[in-house]
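Student: Be aware that the first sequence starts at 244, since it is given in the numbering used here, and climbs by one per residue. Backbone N, C-alpha and C define an ideal beta-carbon position, used for all residues, glycine too. Dumping the structure here so I can ask a few things about it.
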Amino acid sequence: MTDPAPTPDPTPISARAQVTAGPPYLADLNPEQRRAVETVDGPVLVLAGAGTGKTRVLTTRIAHILATRRAFPGQILAVTFTNKAAREMKTRIGDLVGGVVEGMPWLGTFHSIGARILRRHAELVDLKSTFTVLDTDDQIRLLKQLIQADDIDEKRWPARQLAGFIDSWKNRGWTPDQVPKGEAFAFANGKGGELYDLYQQRLKTLNAVDFGDLLLEGLRLFRDNPDVLADYQKRFRYMLVDEYQDTNVAQYLWLRLLAQGNPNICCVGDDDQSIYGWRGAEVDNILRFEQDFPGAATIRLERNYRSTANILAAASHLISHNEGRLGKTLFTDVGDEGAPVTVQGVWDSQEEARVVGDDIESLQTKGHALNDMAILVRASFQMREFEDRFVTLGVNYRVIGGPRFYERAEIRDALAYFRVVAQPADDLAFERIVNTPRRGLGDATLGIVHAHARAERIPLTEAAAAIVQTEELKPKPRKTIADLLTMFDRWRGQLETLPHTELAETILEESGYTEMWQRDRSPDAPGRLENLKELIRSMEEFENLGGFLEHVSLVMDTDSDDASDRISIMTLHSAKGLEFDTVFLPGWEEGLFPHQRALDESGRAGLEEERRLAYVGLTRARKSAKITFASNRRIHGLWQSSIPSRFVDELPADHVDVIETSGYGGLGGYGASRFDRIERTFDSAYSTPGWQRAQRRGEPQATRRTAPMIDGELVASETDDSAGYSLGERVFHLKFGNGVVESVDGNKLTIQFDKAGRKKVLASFVERV
DNA sequence: CTCGGCAGAATTTTT
DNA sequence: TTCTGCCGAG
């Protein structure tokens, strides 16, 4: 970047020193961070490794733009992926600038900013500005209707799958007419494309959009209305994008259109932390940045402020097994290299939970807070075992992720009532509550209303209103519907007169919804009533019902401000962006992590994404990371034996400790007793394609592998593990019983068990009969 | 219209 | 194994 021609500086030397030192908010930045903040003009890509102060750079950069008066708050576009990230940025900018940032109206998630723009120009994309944002559930229900109407076998072609296709098309920026033939054919023998088109039409009549539309329709808006686009291009003098590696094609196109106005776009991301490929994220966006934005400056942030040297070394070495990276190497100056990453093999998932539980208790007695620890699992089914164990031990825990507040049935019902009041054309909401609580309005009655609505192309509420004027319905349902409509009319009339929280309460009371749960004798009914109260309480911070509904559809996260000391349990995906002193990483087994499905469906790309997930997991740890793997795990109710994850092999031996577990009765297992690392003699032979192929095929002549290896070195070696077993030999396994050895591959045996079928097990877990 | 039984699936998740 | 969603009977 070239500086403007220097002008003579009249400031006295003494003061100039301060000028070079810069404003106070720049003072604590390291040189790279500072460059990332100060390179404000032109495209900039900041490759920010885990724990290198990414958010800090982003927020300071905004503060810098404001402080140097390059732009007003309203001229900066700053997009994030999650509401949490947006919120954090807001508060941190506030801290930097001092006081509240009055209006950074364009700091938010892609979706909320997309919605904001769409509402302003709704009529240009055939919508009214009151449009509803449908969530996945509504989306699927709508698609189901379309599939049924088209006489397609729902069993073979589930709505859920179509929703997936449509989502991915939207992620790629395709409107119905842009979907390639081959793609459209993937669903229901070619019906996919039509259904997408039909779906979009239905959305328009419902005055609704789905999440994908918030961007795709925005894209269409910009393309079809150059004046509107030009307006925003002019408005946004500086653009900042967080987590750029997670952007999909639609988001990329959207950004690129806006950036055509001026090139002051700064994208921050880390290709090594791209873990959302399965939902449309394109790592390519970040890899291609320099081509996309000519003259881009690339700045690497590699100085890590979070983790110990051991943890960084383990993570870096692991991720170096990926190809096609932009390449970063994290380092730290902190002298103390900390404890090595530990790897421990256990018998089964229960023992895994036990071992982790014991660790936690001993850390606790040493004064560590539970809040500083987390368990990061690959799949949520793994959580249960830990929860069970913690309940028995009396360890407080919290599960992060999982079913969210706004996804609960009672909340969705209540919201559906509000939606019908605020937006009469919202058929999906109407259908949801028309017979909740039970009013005796079933398919028969609804069918008639539906038919009329379809024939006249009007919303259900309108159709219902017309029908009650006729003799078409039997007296009873006719009166019920009439009464319901009267109630809705009354509530709509109160929109202006009653405060929205009171109106909400009134609606739930008068509709009989609250009563329905009061009468319910099931154990969770009181909790549901409590949730409804909470819902009303949370409405208070909004100005009106519309504002609240927008919040609910776009800001589906509820931050529980729970201050108590608890260990967190969550998936690796939801751990991104967080950090803990101690991180437990259970379930590092082939098939689970890397997940078999990722390998089957996405091959090498899938494996690399899994590896990045492992990298994300490790880099969450500040002081200590503890990996475990189990030899047996129950999946879908069946016991499966498993072998350690290849990621264990990919850790650098020098920074890892293998922990021995005593006590599976003489069955030498992983980590049992043998700590000695055998001198590496085969060196990189284990990572060659040939070896890997051999491993896959189980070729017997492949280098015999007798114990888990870390980075090609044998650890915990039970050198004799497989030595004695030969084909056809009868063996006994604690969990699977008796069986016959079918093949031998290093320490892995394939055994045909008499009862349990064919399994791959470790030689150390079987005995000769 | 409602309830019970059975088949089939069961990563990752934000908005 | 456990949950969900669909279909048939009452």
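#1: Reducing DSSP to helix, strand and coil, say where Ala915 ends up.
#2: Compare the beta carbon distance of Ser867 and Ala582 with 8 Å and say whether it is the shorter of the two.
#3: Are the stretch 635-653 and the stretch 422-431 touching by the rule of at least three beta carbon pairs closer than 8 Å?
#4: For Thr862 versus Met616, is the C-beta spacing smaller than 8 Å?
#5: So the candidates are Leu792, Thr871, Asp378; which of them puts its Cα closest to the Cα of Gly830?
#6: Have a look at the DSSP bridge pairing and note the partners of Gln587.
#7: Within the continuous alpha helix (DSSP H) that includes Gly760, where are the two ends?
#8: For the 8 Å Cβ check, are there 3 or more pairs between the stretch 488-500 and the stretch 365-385?
#9: Across the stretch 681-690 and the stretch 736-743, are there enough close Cβ pairs to call them in contact, namely three or more that are closer than 8 Å?
#10: Within the same chain, show all residues whose beta-carbon is closer than 6 Å to that of Thr679, passing over the 5 residues directly before and after it, in chain order.
#11: Pull up the distance between the alpha-carbon of Asn468 and that of Ala451, whole angstroms please.
#12: For the stretch 555-571 against the stretch 301-314, are there 3 or more C-beta pairs whose distance is under 8 Å?
#13: Just checking, does the stretch 400-419 make contact with the stretch 439-456 on the three C-beta pairs under 8 Å criterion?
#14: Would you check if there are 3 or more beta carbon pairs closer than 8 Å linking the stretch 693-707 to the stretch 763-777?
#15: Would DSSP call Arg939 helix, strand or coil?
#16: Locate the alpha helix (DSSP H) running through Thr448, then write down its first and last residues.
#17: Between Arg597 and the ligand NAD, is there a pair consisting of the residue's CB and a ligand heavy atom that are separated by less than 7 Å?
#18: Starting from the C-beta of Gly933, find all residues in its chain whose C-beta is less than 6 Å away, skip the five residues before and the five after it, and write them out in chain order.
#19: Hey, how far is the Cα of Pro742 from the Cα of Thr749?
#20: Pull up the distance between the alpha-carbon of Leu449 and that of Phe661, whole angstroms please.
#21: Tell me the DSSP secondary structure of Ala291 in three-state form.
#22: Using the C-alpha atoms, what's the distance from Lys327 back to Leu606?
#23: Decide yes or no for the touch test of the stretch 475-490 against the stretch 501-510: beta carbon pairs closer than 8 Å, at least 3 of them.
#24: Note down the Cα distance separating Arg627 from Ser811, rounded to an integer number of angstroms.
#25: Buried or exposed: Ile409, going by 16 or more other Cβ atoms within 10 Å of its Cβ?
#26: Roughly how far, in whole angstroms, is the beta-carbon of Ile676 from the beta-carbon of Val692, given that I think they are within contact range, below 8 Å?
#27: How many angstroms separate the CA atom of Asp579 from the CA atom of Thr551?
#28: How would you label Asp393, buried or exposed, when you count the other beta carbons within 10 angstroms and need 16 or more for buried?
#29: Rounded to the nearest angstrom, what separates Val891 and Ala596 at their Cα positions?
#30: Under 6 Å Cβ to Cβ from Gln995, same chain only, skipping five residues before and after it: list those, please.
#31: Let's test the definition: count the other Cβ atoms within 10 Å of the Cβ of Ser874 and tell me whether it reaches 16, buried, or not, exposed.
#32: Got a sec, what are the start and stop residues for the alpha helix (DSSP H) Met347 sits in?
#33: So what's Lys609 in DSSP terms, helix, strand or just coil?
#34: Using only alpha-carbon positions, find the residue among Asn614, Gln625, Thr744, Gly971 that is nearest to Ile878.
#35: Could you check what DSSP says for Asn774 in three-state terms: helix, strand or coil?
#36: In the DSSP assignment, find the beta strand (DSSP E) that holds Ala431 and state where it starts and stops.
Tutor: For this structure:
#1: Counting from one through the first sequence, the residue named residue 915 turns up at place 672. For Ala915, the pLDDT reaches just 32, beneath the cut-off of 50, and the residue's location in the model is therefore unreliable, although a value from the coordinates is still provided. Ala915 falls in the coil class under three-state DSSP.
#2: On the first sequence, position 624 is the one that residue 867 refers to. On the first sequence, position 339 is the one that residue 582 refers to. Cβ atoms of Ser867 and Ala582: closer than 8 Å.
#3: no
#4: Translated into the one-based positions of the first sequence, residue 862 becomes position 619. Translated into the one-based positions of the first sequence, residue 616 becomes position 373. It is not a contact, given that the beta carbons lie outside the stated cut-off.
#5: Within the first sequence, numbered from 1, the residue matching residue 830 stands at position 587. With distances taken between Cα atoms, Gly830 lies closest to Thr871.
#6: Numbered from its first residue, the first sequence carries residue 587 at position 344. Looking at the DSSP output, Gln587 shares a beta bridge with Thr871, Ile902.
#7: Within the first sequence, residue 760 is the residue found at index 517, counting from 1. Note on residue identity: the sequence assigns Trp, not Gly, to residue 760. 756-762 is the span of the alpha helix (DSSP H), which, as asked, contains Trp760.
#8: no
#9: no
#10: Within the first sequence, the letter at position 436 stands for residue 679. Answer for Thr679: Asp656, listed in chain order.
#11: Position 225 of the first sequence, counted from the first residue, corresponds to residue 468. Position 208 of the first sequence, counted from the first residue, corresponds to residue 451. Computed Cα separation, rounded: 21 Å.
#12: no
#13: Short answer: they touch.
#14: Touching, no, given that fewer than three Cβ pairs across the two stretches are closer than 8 Å.
#15: Indexing the first sequence from 1 puts residue 939 at position 696. Residue confidence is low: Arg939 scores 34 on pLDDT, short of 50, so the model does not pin down where it sits. Its coordinate-derived value is still stated next. DSSP places Arg939 in helix when its eight states are reduced to three.
#16: Position 205 of the first sequence, counted from the start, is the residue given in the question as residue 448. Start and end: 434-448.
#17: Looking at this structure, you won't find the ligand NAD or any other ligand, since it has none at all.
#18: Here the question's residue 933 lines up with position 690 in the first sequence. Note that Gly933 has pLDDT 31, beneath the 50 cutoff, so the model's placement of it is unreliable and the number below is only indicative. Excluding residues within five positions, none has a Cβ falling inside 6 Å.
#19: Taking the first sequence and counting its residues from 1, the one referred to as residue 742 is at position 499. Taking the first sequence and counting its residues from 1, the one referred to as residue 749 is at position 506. Here the alpha carbon of Pro742 sits roughly 11 Å from the alpha carbon of Thr749.
#20: Your numbering for residue 449 matches position 206 in the first sequence. Your numbering for residue 661 matches position 418 in the first sequence. So the two alpha carbons sit approximately 16 Å from each other.
#21: Indexing the first sequence from 1 puts residue 291 at position 48. In the structure shown, Ala291 sits in a strand (DSSP, three-state: E or B).
#22: By 1-based counting over the first sequence, the position of residue 606 is 363. By 1-based counting over the first sequence, the position of residue 327 is 84. C-alpha separation (whole angstroms): 30 Å.
#23: Segments in contact, yes.
#24: Here residue 627 refers to the residue found at position 384 of the first sequence. Here residue 811 refers to the residue found at position 568 of the first sequence. Approximately 13 Å, taken between the alpha carbons.
#25: As a first step, residue 409 is located in the first sequence; it is residue number 166 there, counting from the start. Of the other Cβ atoms in all chains shown, 16 or more fall within 10 Å of the Cβ of Ile409; this residue is therefore buried.
#26: Within the first sequence, numbered from 1, the residue matching residue 676 stands at position 433. Within the first sequence, numbered from 1, the residue matching residue 692 stands at position 449. That pair is no contact at about 14 Å.
#27: Along the first sequence, read from residue 1 onward, the residue named residue 579 stands at position 336. Along the first sequence, read from residue 1 onward, the residue named residue 551 stands at position 308. Going by the C-alpha atoms only, they are around 7 Å apart.
#28: Within the first sequence, numbered from 1, the residue matching residue 393 stands at position 150. Result: exposed.
#29: Taking the first sequence and counting its residues from 1, the one referred to as residue 891 is at position 648. Taking the first sequence and counting its residues from 1, the one referred to as residue 596 is at position 353. Using only the alpha carbons, I get a separation of about 19 Å.
#30: Numbered from its first residue, the first sequence carries residue 995 at position 752. For Gln995, where only same-chain residues beyond five positions count, the Cβ hits under 6 Å are Gly982, Val983, Glu985, Arg1001.
#31: Counting from one through the first sequence, the residue named residue 874 turns up at place 631. When all chains shown are included, Ser874 counts as buried.
#32: Sequence index remark: in the first sequence, residue 347 carries index 104 (1-based). From DSSP, Met347 is part of no alpha helix (DSSP H); its letter is neither H nor E.
#33: Here residue 609 refers to the residue found at position 366 when the first sequence is read from its first residue. Three-state result, Lys609: coil.
#34: Counting from 1 along the first sequence, the entry for residue 878 is found at position 635. Ranking the options by Cα distance to Ile878, first place goes to Gln625.
#35: Here the question's residue 774 lines up with position 531 in the first sequence. DSSP places Asn774 in helix when its eight states are reduced to three.
#36: Taking the first residue of the first sequence as 1, we reach residue 431 at position 188. Here Ala431 belongs to no beta strand (DSSP E), and DSSP marks it neither H nor E.
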